[in-house]
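Trainee: Handing you a structure now.
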Amino acid sequence: MKHFTVPKMSIAACAALLISSAPAFAGGLGDAVAEPDPVMPPLAVPQANSDYYVSVFAGANMLSDIDTDYYGSEYSVGFDTGFVAGVTVGKKISDTLRVEGELSFARAAAADFSAGYNGYTYVDSDPADGDLDATYLLVNLWYDFPSTGPMGYYVGGGLGGAKVEGDISFDGASYGYGPGETKLAGQIGAGLMYDVSQTLTLDVGYRFKYVGDVDFDDNDGSGVYTGGDVQSHSLQAGLMYNF
Numbered sequence: 001m002k003h004f005t006v007p008k009m010s011i012a013a014c015a016a017l018l019i020s021s022a023p024a025f026a027g028g029l030g031d032a033v034a035e036p037d038p039v040m041p042p043l044a045v046p047q048a049n050s051d052y053y054v055s056v057f058a059g060a061n062m063l064s065d066i067d068t069d070y071y072g073s074e075y076s077v078g079f080d081t082g083f084v085a086g087v088t089v090g091k092k093i094s095d096t097l098r099v100e101g102e103l104s105f106a107r108a109a110a111a112d113f114s115a116g117y118n119g120y121t122y123v124d125s126d127p128a129d130g131d132l133d134a135t136y137l138l139v140n141l142w143y144d145f146p147s148t149g150p151m152g153y154y155v156g157g158g159l160g161g162a163k164v165e166g167d168i169s170f171d172g173a174s175y176g177y178g179p180g181e182t183k184l185a186g187q188i189g190a191g192l193m194y195d196v197s198q199t200l201t202l203d204v205g206y207r208f209k210y211v212g213d214v215d216f217d218d219n220d221g222s223g224v225y226t227g228g229d230v231q232s233h234s235l236q237a238g239l240m241y242n243f
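Under the numbering used here, residues 1 to 243 are what the sequence shown spells out, in order.
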């Protein structure tokens, strides 16, 4: 039997060839497998992380006629539509209840006045000038109806105090409703809320505010107009920020 002998030089050459080609082969594999594009994390969306909130609001203030007694004579003042604006700070005490403090200011311009005595009217809708202001400090409690979407409804009311001030003259004269009083005040209301985002809520609502039995000093200092009830209807819109 014949035996073939492979020269040692040939074996060594083959080994050297394999070793030298290994990095190139590995590099080719690396080029063939593409690295994945980096994945960017999603942008963080601001979310409310507490039960506290603040809100600002403004709207139209429709003040009812204010009737008073002036030493047996009856006076009544009518008003044009004015404005109301305010701020609240509140806390959600449950899924459906909110308690808040409200500081608000309302103004309406006098339009006309009437005067009478024992059922006889001797002044009927004569012009009146000036404004009536009311500053309210109230504690409100609102009930939010359960809702599964971004829109919800609420009802409620509040109690507190109001400082009422007049600066009204009757038909250009020096007399009329002047400085008023600070009295117990209350309100009831309802509205619609819409979540614009996780932290911002749009609030559109109605409020009825009442301050009873307010006395006004006469502007000329000669007497007092007594027993005026300040009743206002407001349509307002606001924006609430949830912390």
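Just so it is clear, CB atoms sit at the ideal spot from N, CA and C, and this is done for glycine as well.
Cβ of Gly157 within 8 Å of Cβ of Asp144?
Mentor: No, they are not a contact pair.
Trainee: Does DSSP put Ser197 in a helix, a strand or coil?
Mentor: coil
Trainee: Quick check on the DSSP output: the beta strand (DSSP E) that includes Pro127 runs from which residue to which?
Mentor: Membership of Pro127 in the beta strand (DSSP E) is indicated by the continuous run Tyr120 to Asp144.
Trainee: Assign Gly228 to one of two classes, buried (16 or more other C-beta atoms within 10 Å of its C-beta) or exposed (fewer than that).
Mentor: buried
Trainee: Once you ignore the five residues that flank Ala279 on each side, which residues in its own chain have a CB closer than 8 Å to its CB?
Mentor: Past the boundaries of the shown model lies residue 279; the chain is included only from 1 to 243, so the question cannot be answered.
Trainee: Does Gly178 come out as helix, strand or coil in the three-state DSSP assignment?
Mentor: coil
Trainee: Based on the DSSP secondary-structure assignment, which residues constitute the bridge partners of Phe243?
Mentor: Beta bridge pairing from DSSP links Phe243 with no other residue.
Trainee: Counting only the same chain and skipping the five closest in sequence on each side, list residues whose C-beta sits under 6 Å from that of Leu141.
Mentor: Val99 and Gly156
Trainee: Quick one: what's got a C-beta closer than 7 Å to Leu235's C-beta in the same chain, skipping five residues either side?
Mentor: Gly59, Ala60 and Tyr206
Trainee: Does the distance from the CB of Arg107 to the CB of Gly90 come in under 8 Å?
Mentor: Against a cut-off of 8 Å, the Cβ pair of Gly90 and Arg107 comes out as no contact.
Trainee: Could you check the C-alpha separation between Val164 and Asp131 for me, to the nearest Å?
Mentor: 11 Å
Trainee: In the structure shown, what three-state DSSP assignment does Asp167 receive?
Mentor: Looking at Asp167 - three-state DSSP - the assignment turns out to be strand.
Trainee: Tell me which residues share the same chain as Asp67 and place their Cβ nearer than 6 Å to its Cβ, disregarding the 5 neighbours each side in the sequence.
Mentor: Ser76
Trainee: What would DSSP say about Thr226, mapped onto helix, strand or coil?
Mentor: strand
Trainee: On the DSSP letters alone, give me the boundaries of the beta strand (DSSP E) that Tyr52 sits inside.
Mentor: Tyr52 to Leu63
Trainee: Kindly list the residues whose CB is nearer than 7 Å to the CB of Pro150, restricted to its own chain and excluding five residues on each side of it in sequence; keep chain order.
Mentor: Tyr194 and Asp195
Trainee: List the endpoints of the continuous beta strand (DSSP E) containing Ala115.
Mentor: Leu97 to Tyr117
Trainee: Candidates Ile93, Gly86 and Ser94: which alpha carbon is nearest Glu102's?
Mentor: Gly86
Trainee: So, at 8 Å on beta carbons, what are the nonlocal neighbours of Ala26 in its own chain, with the 5 sequence-adjacent residues on each side left out?
Mentor: Here the model assigns Ala26 a pLDDT of 46, short of 50, so the residue's position is not dependable, and the following value carries that caveat. Here the set comprises nothing.
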